[in-house]
Amino acid sequence: MLRCRRPLLSTLPADVSKLFGARGRRTLQQKRVYDQLKNTTIQDAFPHIAACWVGPCWGSVMQTPCNVSPVCMKMAVWRCSSCLQEFEMVVGHFVDEGGVCPHCHNPQKRLDNVTLRNAQGELVIKKPQYIKAPRMIHSNYRSVLFTNPHWESLNIQPMLAQRWELVVDELTKSSNGENGTTPDKHLLLASPKIDGIRCMIGYNQKLQEVQFFSRGGIVLECCHGLVPQLLPLFKEDPTLMLDGELFAPECNFEQLNGLVRRLNKKSSPKVMEAQARLLEYFAFDIMYSAQLSSPSAPFDERYQLLKKLIPVCGAKRISNYIHDDAKKKVIRAKHGSVATAANGQAVKVYHVPAAQVHPSDMKDVLDEACSQGFEGVMIRLPKFPYEHGKRSFGLLKYKQMHDAEFKIVGFVPGEGKFKGALGAFICETKDGKLFNTPPKVPYKRRIELWAHRKEFLSKYLTVQYQELSSQNVPRFPIAKAVRGSEDRQDWL
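As structure tokens, this is what we get:
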């Protein structure tokens, strides 16, 4: 049976009927249009198409037409403004074809601008207000944009970190000045990496409620114990939006996750009491605030404002660990240093410390942080803005990883983009506990591993992991190599 290869886009003939030629070779005019559109958003360029947006098929619910490019080649769900049918279609294809519905074959309804006279008699052009399609609703959890639709015009996606190893050589080289001195502009800000759960906090002025939401845009219902200390900050500045982590110094990560993910409808009074008593918030950045000089304010300015708003430093509170070198795991102590507010209540909201560090000293900083039980360090370039939804080179993560060997006892088939390939190895610890670890290899190699999986059964797999969980199972494991011959034929 002959297999037809999919032709490369560059080899397909240009289709001059399309706006920017998403499916084939572009004409010169289409290239110009593409260059204009790639740095804008669907909402700004095509509000009539933006009104059809139901939700993304990738990422999180925080992806909206206000922060997605019209030339984006990812799948989304749309609702036709003519026939009201919902369908899935790649963003760039839908825009490129003029917003034509695949069901009724009609373009999306467009409204004209309206020219009015203001109170001074001047002509004013008023843009039309489109009725938005109903947004995608999760069956179990609430989207923060569902309860705060006015945030759709903001980009509330958190900034993500790049790996320190990608830029260490460049930063170290550029920071070495004359006579071994380091100019202040090359110093970095390093913070301990907290083993918590990412949480952003904003304010709903209409409801006068503090809103807590996850990295994926899901409303968190566990934070009632934090509201008394946070509410005054947001009443003073309703535009404020914090970025940080929920943490419980007296809990391991599994217990913390259980407290944070619970919905109110499934929580007993005992669980809600535990949430209020145990959960604390450690803020490390500011996403938005009217008190900043601009939306693109650098981190050093954002951090100074953060310390002003939340003056209590969480350094002592989060360093309350015992480190077990033999098991390469961290045990949290039960009683640590708890600050007290002016009203006598225990402080539950802290800022994360950030100290100036020379790039060449970062390995020593990591070793010191890990000796205190932290999972690593977070490194910031002081002059970088907050880059929403991106893996920014202004935020770097540096973690100490461990290697160990575990017996392969089974295999998990791949799903989604890895269908027909290896999804993960099933490994067994010395205690007989099973865990899955995916290989960090290209799709083609995953197919080969799946085809020859029986050859790997009962062999030993070198696994890289962050630490052992409370059940002595590797956390965040990655399969590195199958122990085999010296010529590395069995290596991944």
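Offset between the sequence shown (1-based) and our numbering: plus 84. C-beta: ideal position from N, C-alpha, C; glycine also.
Judged by pairs of C-beta atoms under 8 Å, the segment 460-469 touches the segment 367-385, as three or more such pairs exist. Shown here, E338 sits in a helix according to DSSP, grouped into three states. Cβ contact annotation for K391 (same chain, cutoff 6 Å, sequence separation greater than five): H435, in chain order. Here the alpha carbons of E254 and K501 stand approximately 34 Å from one another.
Restricting attention to P154, L272, P242 and R247, the CA atom closest to the CA of G286 is found in P242. Under the DSSP definition of a beta bridge, D515 lacks any partner. Residue pairing by DSSP places M157 opposite no residue, since no beta bridge is assigned to it.
When DSSP states are grouped into helix, strand and coil, M371 belongs to the strand group.
Take V441, set aside five residues on each side of it, and the residues of its chain with a beta-carbon closer than 8 Å to its own are L271, L272, L273, A274, V449 and I463, in chain order. If you look at F495, you'll find it in the beta strand (DSSP E) that goes H486 to P497. Looking only at K474, I402 and A438, the smallest Cα-Cα distance to F458 is reached by I402.
I221 counts as exposed, since fewer than 16 other C-beta atoms from the protein chains shown sit within 10 angstroms of its C-beta. If you draw a straight line from the Cα of P443 to the Cα of V251, it comes to about 10 Å. Taking every protein chain shown into account, the CB of R386 has 16 or more other CB atoms within 10 angstroms, so this residue is buried. Residue environment: F560 is assigned as exposed (fewer than 16 neighbouring CB atoms within 10 Å of its CB, all protein chains considered). Counting along the chain, H435 sits inside no alpha helix (DSSP H); it lies in the beta strand (DSSP E) bounded by residues V433 to H435.
For the 9 Å CB-CB criterion, D99 and R107 form a contact. Around the beta carbon of N202, a 10 Å sphere encloses fewer than 16 other beta carbons of the protein chains shown; the residue is thus reported as exposed. Only buried fits W248, as 16 or more other CB atoms lie within 10 angstroms of its CB. Under the 10 Å beta carbon count, E305 is surrounded by 16 or more other beta carbons and is classified as buried. By the CB criterion at 9 Å, L518 and I531 fall outside the cutoff. Secondary structure of M173 (DSSP, three-state): strand.
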